[in-house]
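Colleague: The following block contains the structure, expressed as structure tokens.
Protein chains in written order, with our numbering: chain R, 17 to 579; chain E, 2 to 217.
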């Protein structure tokens, strides 16, 4: 049997590759829809009290085997000049909370005073998330006016945007007073990461579809007409957008064990599939079928950003190469996936390699889906520093994990041109120019490479047999990165092995990586630090969810795409 | 007001940093304050007291002179419970070898208690601490408290003795929610504010890399 190793962290944990990751079976949205279908979750709309101006609230409840969860949505009439996706916005088209259970009228009344305020409001331990969304002004108006005038909206216009509303923040885990993750982490439905947030967005998509129909009905009624019902296939083709800035980048650096567990699960899955000795005809057929469907996503993936345009053009060239490879390759030979992967690594762009690496997991749910159980993290055990470690061992660890950083010239301005900081304006995370703006004294510890190299140099005159505890007593300034180094020693995929403050850093690489683990597609950078995506595009709506459609919805149906 | 433990941890970390602690020690302060809050102690008040007491002073002045000394003491004759506590956690193995670690003149001794939890988890045996009027023991998950309210609120402990392994009796389970006084929250927020860059038009336009309006 061929022994395939997990991919080397020095290969995987580079920003350019992390910024090319694609969704997979282990993505958090797909983990959620598979579970809800398998367990036969039941869904209902229990309130829709929205007036003719589009203001009011609605409640959507999901009933699982043991517990129910309700999305409480508040719809607002937002003046255009206030519509901003940034953290510093203070009003939105719609605001939401995922409630633990079924809310009473008192709960809804209390939350109506707080959820619309977002960060300026307070919630309690019965609320699991707080989020908000803005309309895609173009598509919203097009859909409302088309339906109100008795027509279906244009499929081309829908494809060009992909969503009616985009969320601009989904806060969970204790934010604004909500329940800590620790309060719910022992519930099976929330064991995998970000299931609260993914459920909230899934129900939000249902609400948004109802709201756009409601607004079309009202507009039609004003002229004594009846609006058209939005076609179910068109509705399903739309997801929920998401507009994401720099907040996600520090998240990956601030949760190294969690990040390790996500990447390690996917890497173990890739390893397991590469070790498959013989693929059955069914496995091969499913792979090829989903590959064809996946090509639709790539074909309709738009971006105006030069970086992504280049990556997309490489990916489209890769699609041609993969297609011709599969014409001549024999997938019924031994270890077909390892051969495919090794060919991809030699031949394709990073986008293409990660696309194939994710896609070849698809026929092997029985082999890889359980790996999602290792994706959560409890940091308690890894937070404490092992003070008895010798300086010699620490030195060796640093030299192994942070080779690239130790070899970097940190005196060169271009290698530390940027600094991460938090603005006092609603605590918005930002990235500034160290040598041009007065921000360095506010710098966040988000440059582990630079800090690890500094630690390595500070150890130079310490003897190998000295202990870490004695070093830290003299040098508390190295405590943060020393803790990281020890974590990475146990969790090799915990660290981004790249420069996060150079003049060439692209924060969108970090955002893309996190969003790919969520299950997002069609990444559309707006700048080097801002990205829009689509979530749940093509997914069955809650009332349509079955075990037959719970898994592969992320790949557009070919018949539908042609129609 | 009821706060989540994550809020307490995030606020404490920023406040610790704002008061001049290194990031690594600010993280210790944050975990410790969260831990105390989870056991119903006024963690945020204690932390605010300590940060005001030691605001921006060099850490070396309130750190143990040596970890191999018979009794840990600080040059300033006033030892930070965060720095000494973090060192205690770092010295978990040494604590078990020696049986006890004694510290002198520790400010706000309750703030040193959470670090026993880390040591206990690392060692797999309970760790206890005693000072006049108080004995606390933990296995990292549960806490036993035998102490007078005055002792728990002590401004300084002349002598603090940590020991391992220790006996556990009268266990207390952590809670997952904490009541925080507004007053202590505001005091921590004042320290935290020092870590935020002032709002400027340039920062607003450049720093986030996105437009201010999204009417598309």
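Using N, Cα and C, we set each Cβ at its ideal position, and we do this for glycine too.
So if DSSP puts residue 75 of chain R in a beta bridge, which residue, or which two residues, is it bridged to?
Modeller: In the first chain, residue 75 of chain R corresponds to position 59, counting from 1. According to DSSP, which records beta bridges pairwise, residue 75 of chain R is partnered with R/63, R/88.
Colleague: What is the rounded straight-line gap between the Cα of residue 394 of chain R and the Cα of residue 274 of chain R?
Modeller: Translated into positions along the first chain, residue 394 of chain R becomes position 378. Translated into positions along the first chain, residue 274 of chain R becomes position 258. C-alpha separation (whole angstroms): 8 angstroms.
Colleague: Take residue 544 of chain R as the anchor and find which of R/477, R/20, R/27, R/32 has the nearest alpha-carbon.
Modeller: Here residue 544 of chain R is taken as the residue at index 528 of the first chain, counted from 1. When R/477, R/20, R/27, R/32 are compared, the shortest CA-CA separation from residue 544 of chain R is found for R/32.
Colleague: In or out: residue 114 of chain E buried (at least 16 other Cβ within 10 Å) or exposed?
Modeller: Numbered from its first residue, the second chain carries residue 114 of chain E at position 113. A buried status is given to residue 114 of chain E, since no fewer than 16 other beta-carbon atoms sit within 10 Å of its beta-carbon.
Colleague: Could you say which of R/86, R/90, R/107, R/123 lies nearest to residue 96 of chain R if we only look at CA atoms?
Modeller: Here the question's residue 96 of chain R lines up with position 80 in the first chain. Nearest C-alpha to residue 96 of chain R: R/107.
Colleague: Below 7 angstroms on C-beta distance, what does residue 495 of chain R contact in chain E?
Modeller: The residue labelled residue 495 of chain R in the question sits at position 479 within the first chain. Those are 23, 25, 26, listed as they occur along chain E.
Colleague: For residue 239 of chain R, count neighbouring Cβ atoms within 10 angstroms of its own Cβ and tell me buried if that reaches 16, exposed if not.
Modeller: Residue 239 of chain R sits at position 223 when you count from the first residue of the first chain. Its Cβ having fewer than 16 others within 10 Å, residue 239 of chain R is exposed.
Colleague: Could one say the Cβ of residue 42 of chain E lies closer than 9 angstroms to chain R's Cβ atoms, at least one of them?
Modeller: Counted from its first residue, the second chain places residue 42 of chain E at position 41. Cβ-Cβ to chain R under 9 angstroms: no for residue 42 of chain E.
Colleague: By the three-class DSSP mapping on this structure, what secondary structure does residue 144 of chain R have?
Modeller: Translated into positions along the first chain, residue 144 of chain R becomes position 128. Three-state result, residue 144 of chain R: strand.
Colleague: Which residues, in order along the segment 67-78 of chain E, keep a beta-carbon less than 9 angstroms from a beta-carbon of chain R?
Modeller: 67, 68, 69
Colleague: Are the Cβ atoms of residue 179 of chain R and residue 255 of chain R separated by less than 9 angstroms?
Modeller: For the purposes of this step, residue 179 of chain R is taken as the residue at position 163 of the first chain. For the purposes of this step, residue 255 of chain R is taken as the residue at position 239 of the first chain. Contact flag set, yes.
Colleague: Our contact map puts residue 179 of chain E next to residue 4 of chain E with C-beta atoms below 8 angstroms; I'd like the distance itself, whole angstroms only.
Modeller: Here residue 179 of chain E corresponds to residue number 178 of the second chain, with the count starting at 1. Here residue 4 of chain E corresponds to residue number 3 of the second chain, with the count starting at 1. Contact flag correct, Cβ pair sits at about 5 angstroms.
Colleague: Going straight from the alpha carbon of residue 435 of chain R to that of residue 462 of chain R, what length do you get?
Modeller: As a working mapping, residue 435 of chain R is identified with position 419 in the first chain. As a working mapping, residue 462 of chain R is identified with position 446 in the first chain. Cα to Cα, residue 435 of chain R sits roughly 8 angstroms from residue 462 of chain R.
Colleague: Pick helix, strand or coil for residue 113 of chain R, following the three-state DSSP scheme.
Modeller: Taking the first chain and counting its residues from 1, one reaches residue 113 of chain R at position 97. DSSP places residue 113 of chain R in strand when its eight states are reduced to three.
Colleague: Looking at the structure shown, is residue 579 of chain R part of a helix, part of a strand, or coil, going by DSSP?
Modeller: Sequence index remark: in the first chain, residue 579 of chain R carries index 563 (1-based). Caution is warranted here: a pLDDT of 38 is assigned to residue 579 of chain R, below 50, making its placement in the model unreliable, and no coordinate value can be reported.
Colleague: Tell me the DSSP bridge mates of residue 226 of chain R?
Modeller: As a first step, residue 226 of chain R must be located in the first chain, where it is residue number 210. The partner list for residue 226 of chain R (beta bridge, DSSP) is empty, contrary to what the question assumes.
Colleague: In terms of residue numbering, what span does the beta strand (DSSP E) encompassing residue 277 of chain R cover?
Modeller: Working through the first chain from its first residue, we reach residue 277 of chain R at position 261. No beta strand (DSSP E) holds residue 277 of chain R; the alpha helix (DSSP H) holding it covers 272-290.
Colleague: Nearest to residue 568 of chain R by alpha carbon, out of R/190, R/110, R/303?
Modeller: On the first chain, position 552 is the one that residue 568 of chain R refers to. Of the candidates R/190, R/110, R/303, the one whose C-alpha sits nearest the C-alpha of residue 568 of chain R is R/303.
Colleague: Would you say residue 94 of chain E reaches chain R, if we count a Cβ-Cβ gap shorter than 9 angstroms as a contact?
Modeller: Numbered from its first residue, the second chain carries residue 94 of chain E at position 93. True, the Cβ-Cβ gap to chain R drops below 9 angstroms.
Colleague: For a test of the three-state rule: what should DSSP assign to residue 310 of chain R, helix, strand or coil?
Modeller: Counting from one through the first chain, the residue named residue 310 of chain R turns up at place 294. Residue 310 of chain R: helix per DSSP, three-state reduction.
Colleague: Terminal residues of the continuous beta strand (DSSP E) containing residue 184 of chain R?
Modeller: Here residue 184 of chain R refers to the residue found at position 168 of the first chain. Per DSSP, residue 184 of chain R belongs to the beta strand (DSSP E) from 179-188.
Colleague: In angstroms with no decimal places, state the Cα-to-Cα distance between residue 195 of chain R and residue 326 of chain R.
Modeller: What you label residue 195 of chain R is simply residue 179 of the first chain in a count that begins at 1. What you label residue 326 of chain R is simply residue 310 of the first chain in a count that begins at 1. Answer to the nearest angstrom: the Cα atoms are 42 angstroms apart.
Colleague: Suppose only complete runs of 3+ residues qualify. What are the beta strand (DSSP E) ranges in the segment 108-160 of chain E, listed by chain order?
Modeller: 128-132, 135-139, 144-148
Colleague: Here's the rule I'm using: 16 or more other beta-carbon atoms within 10 Å means buried, otherwise exposed. How should residue 374 of chain R be labelled?
Modeller: Start at 1 with the first residue of the first chain, and residue 374 of chain R comes out as number 358. Classification for residue 374 of chain R: buried.
Colleague: With a cut-off of 9 angstroms, does the C-beta of residue 210 of chain E fall near any C-beta of chain R?
Modeller: For this step, residue 210 of chain E is matched to residue 209 along the second chain. It does; some Cβ of chain R falls within 9 angstroms.
Colleague: Can you find at least 3 beta carbon pairs, one from the segment 447-458 of chain R and one from the segment 479-488 of chain R, that sit closer than 8 angstroms?
Modeller: no
Colleague: For residue 63 of chain E, I'd like the list of residues in its chain whose CB is within less than 7 angstroms of its CB, leaving aside the five on either flank, ordered along the chain.
Modeller: One-based indexing of the second chain puts residue 63 of chain E at position 62. Only 55, 75, 77, 79, 80, 81, 84 meet the Cβ criterion.
Colleague: For a test of the three-state rule: what should DSSP assign to residue 52 of chain R, helix, strand or coil?
Modeller: On the first chain, residue 52 of chain R is found 36 positions in, with the first residue counted as 1. Correct three-state label for residue 52 of chain R: helix.
Colleague: On a Cα-Cα basis, can you pick out the residue from R/245, R/218, R/237 that is closest to residue 229 of chain R?
Modeller: The residue given as residue 229 of chain R occupies position 213 in the first chain. When only C-alpha atoms are compared, the closest one is R/245.
Colleague: Consult DSSP for residue 163 of chain E and reduce its assignment to one of helix, strand or coil.
Modeller: Along the second chain, read from residue 1 onward, the residue named residue 163 of chain E stands at position 162. Looking at residue 163 of chain E - three-state DSSP - the assignment turns out to be strand.
Colleague: Just the C-alpha distance for residue 218 of chain E and residue 199 of chain E, rounded to the nearest angstrom, thanks.
Modeller: Absent from the model: residue 218 of chain E. The displayed extent of chain E is 2 to 217, so no value can be given.
Colleague: Is the Cβ of residue 380 of chain R closer than 9 angstroms to any Cβ of chain E?
Modeller: As a working mapping, residue 380 of chain R is identified with position 364 in the first chain. Residue 380 of chain R does not count as touching chain E.
Colleague: Suppose contacts are defined by Cβ-Cβ distances below 9 angstroms. Is residue 90 of chain E in contact with residue 400 of chain R by that definition?
Modeller: In the second chain, residue 90 of chain E corresponds to position 89, counting from 1. In the first chain, residue 400 of chain R corresponds to position 384, counting from 1. Yes. Within cutoff.
Colleague: Does any C-beta atom of chain R lie closer than 9 angstroms to the C-beta of residue 177 of chain E?
Modeller: Your numbering for residue 177 of chain E matches position 176 in the second chain. For residue 177 of chain E, the answer is yes, since a Cβ of chain R falls inside 9 angstroms of its Cβ.
Colleague: Going along chain E in order, which residues have a C-beta closer than 8 angstroms to the C-beta of residue 418 of chain R?
Modeller: As a position in the first chain, residue 418 of chain R is number 402, starting the count at 1. Result: empty, since nearest Cβ-Cβ is about 17 angstroms, beyond 8 angstroms.
Colleague: Quick check: the Cα distance between residue 576 of chain R and residue 564 of chain R, rounded to an integer number of angstroms?
Modeller: By 1-based counting over the first chain, the position of residue 576 of chain R is 560. By 1-based counting over the first chain, the position of residue 564 of chain R is 548. Legend: pLDDT at residue 576 of chain R = 49, less than 50; position of this residue unreliable, value from coordinates given subsequently. The straight-line gap from Cα to Cα measures roughly 17 angstroms.
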